[in-house]
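Novice:
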Amino acid sequence: MKTKAILVGLILALAGLGLIFFGCGGAKQTEPYVVGGIFSISGPASYLGEPERNSMEMVAEAVNATGGINGHPLKLVIYDDEGDVTKARLHATKLAQDKDCLAVIGPSVTPASMTVLEITQKAKLPLISCAAGVGITAPAKDRVWVFKTAQTDQMAADRIYQYLQKHNLNQVAILTVSNTFGASGKDQLLALAPKYGIQVVAQEVFGEKDSDMTPQLTKLRGTPAQVVICWGIGPAPALVAKNM
9 MKTKAILVGL
19 ILALAGLGLI
29 FFGCGGAKQT
39 EPYVVGGIFS
49 ISGPASYLGE
59 PERNSMEMVA
69 EAVNATGGIN
79 GHPLKLVIYD
89 DEGDVTKARL
99 HATKLAQDKD
109 CLAVIGPSVT
119 PASMTVLEIT
129 QKAKLPLISC
139 AAGVGITAPA
149 KDRVWVFKTA
159 QTDQMAADRI
169 YQYLQKHNLN
179 QVAILTVSNT
189 FGASGKDQLL
199 ALAPKYGIQV
209 VAQEVFGEKD
219 SDMTPQLTKL
229 RGTPAQVVIC
239 WGIGPAPALV
249 AKNM
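Residue numbering for the sequence shown follows the numbering used here, starting at 9 and increasing by one per position.
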C-alpha cells in the first residue's frame, strides 16, 4: 500500500509535467502521456522492483479508467534492468531517445539509479528514483532533473544511531555490501558516528552474490563491538543473519 501511495503521487506529479510540456506544444487532446519505468522486476532486488512495477501499472489503469488526465490516457513504457547497471543504462538511453517520454520512474536500487541519472540529466528528462542513496539527489545543484521517493541513507543511519544511543550501545561493527549503495551507507555511518558518541570498531565488506559470510563475521567476533550494522539489499543480509 505504501508503494502504491507513493506511485499515485509520482504519476500525478508526472502528469503535471505532461500538462506543462504538452500545453506548450499544443498536443491533441487524445495523445497519451508517456511515462517510463525502469525497475528490478527480476534478479536479487525483485522484491523491490516487482511491486513497484505492479503499483505503477495499477495506478495507471485506475487513472485511465476515469478518463486519464484532462482526456489524455497514460501510457507506460516499463523495462526490467534485473538489478544490472549496464541493462539499466541501455533502458535509460532508449527512454531518453523517445521524444514522447515525459519522465522516468526508477530504478529500484542505488547503483542502477546512479548510472541512469547520467543519461536522464543530459537529456533533461525528469527522473524519480525509488532508491535510497543520498548521492542520487545530492548535491542538488548537480541533480536538477533528479528526484527520489525513498528516505536517504543518511536518514536511516540517523535512526539507527538514535536507537543505539537510547539503549547505551556505543561500539559498533559495520558490514556493508560492495556496491555504491553499501559505500554510501558506510560513508553516512562513519560520518554520523561522532555525533552520537558511537565508535566504529571494525569494518568489513561482502559481495552481493557471496554465499558465506563466516569469514567477515569471524573477524567481527574478535572485536569489542556490541552491535553489527549490516547494510545491504537482497539475499546477502539474510545470509549474514543466518551465519551470525
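Even for Gly, the Cβ is constructed at its ideal location relative to N, Cα and C.
Checking the sheet assignment: what are the DSSP bridge partners for I237?
Specialist: I182
Novice: Report the three-state DSSP secondary structure of K156 (helix, strand or coil).
Specialist: strand
Novice: Do V85 and L103 come within 8 Å of each other at the CB atom, strictly closer than that value?
Specialist: yes
Novice: What is the DSSP secondary structure of D88, reduced to helix, strand or coil?
Specialist: strand
Novice: Here's the rule I'm using: 16 or more other beta-carbon atoms within 10 Å means buried, otherwise exposed. How should H80 be labelled?
Specialist: Result: buried.
Novice: Have a look at Q207, A246 and V208 and flag the residue whose alpha-carbon is nearest the alpha-carbon of L220.
Specialist: Reading off the sequence, residue 220 comes out as Asp, not Leu. Per the Cα distances, A246.
Novice: Is S54 helix, strand or coil when you go by DSSP?
Specialist: helix
Novice: If you follow the alpha helix (DSSP H) that A210 is part of, which residue opens it and which one closes it?
Specialist: Per DSSP, A210 belongs to no alpha helix (DSSP H); it is in the beta strand (DSSP E), Q207 to F214.
Novice: Spell out whether any CB of chain C is found under 8 Å from the CB atom of N72.
Specialist: Although the question refers to chain C, the structure presented lacks it and comprises just one protein chain.
Novice: Can you tell me which of the three DSSP states A164 falls into?
Specialist: helix
Novice: Which same chain residues end up closer than 8 Å to A158 when comparing Cβ atoms and leaving out the 5 residues on each side of it in sequence?
Specialist: S137, C138, A139 and A140
Novice: What is the rounded straight-line gap between the Cα of L177 and the Cα of V209?
Specialist: 12 Å
Novice: Just to confirm the assignment: which complete alpha helix (DSSP H) runs, minimum length 4, are found wholly within the segment 60 to 106?
Specialist: Segments of the alpha helix (DSSP H) lying fully in the segment 60 to 106: 93 to 105.
Novice: Would you mind working out which of K95, S186, T101 and L110 sits nearest K83, comparing C-alpha positions?
Specialist: When C-alpha distances from K83 are compared across K95, S186, T101 and L110, the shortest belongs to L110.
Novice: Could you work out which residue in T145, I77, P202 and A120 is closest to T49 when comparing CA atoms only?
Specialist: Strictly speaking, residue 49 in this sequence is Ile, with Thr absent from that position. If we check each option's Cα against that of I49, A120 comes out closest.
Novice: State yes or no: is the C-beta of V142 within less than 8 Å of the C-beta of Q162?
Specialist: yes
Novice: Out of E69, Y55 and N72, which has the shortest C-alpha to C-alpha gap to D88?
Specialist: Y55
Novice: Opposite V124 in the DSSP bridges: which residues?
Specialist: According to DSSP, V124 bridges with nothing at all.
Novice: Report the rounded CA-to-CA distance for Q196 versus A165, giving the unit in angstroms.
Specialist: Going from the Cα of Q196 to the Cα of A165 covers about 7 Å.
Novice: Here's the rule: buried if 16 or more other CB atoms are within 10 angstroms of the residue's CB, otherwise exposed. What is I241?
Specialist: Classification of I241: buried, given that the 10 Å Cβ count is 16 or more.
Novice: Which residues in the same chain have their Cβ closer than 8 Å to the Cβ of Q173, if we skip the five residues on either side of it in sequence?
Specialist: Y204, G205 and I206
Novice: Within 10 angstroms of the Cβ of V154, are there 16 or more other Cβ atoms? Answer buried if so, exposed if not.
Specialist: buried
Novice: Whole angstroms is fine: what's the gap from S116's alpha carbon to P232's?
Specialist: 36 Å
Novice: Classify E69 as buried or exposed, calling it buried when 16 or more other Cβ atoms lie within 10 Å of its own Cβ.
Specialist: exposed
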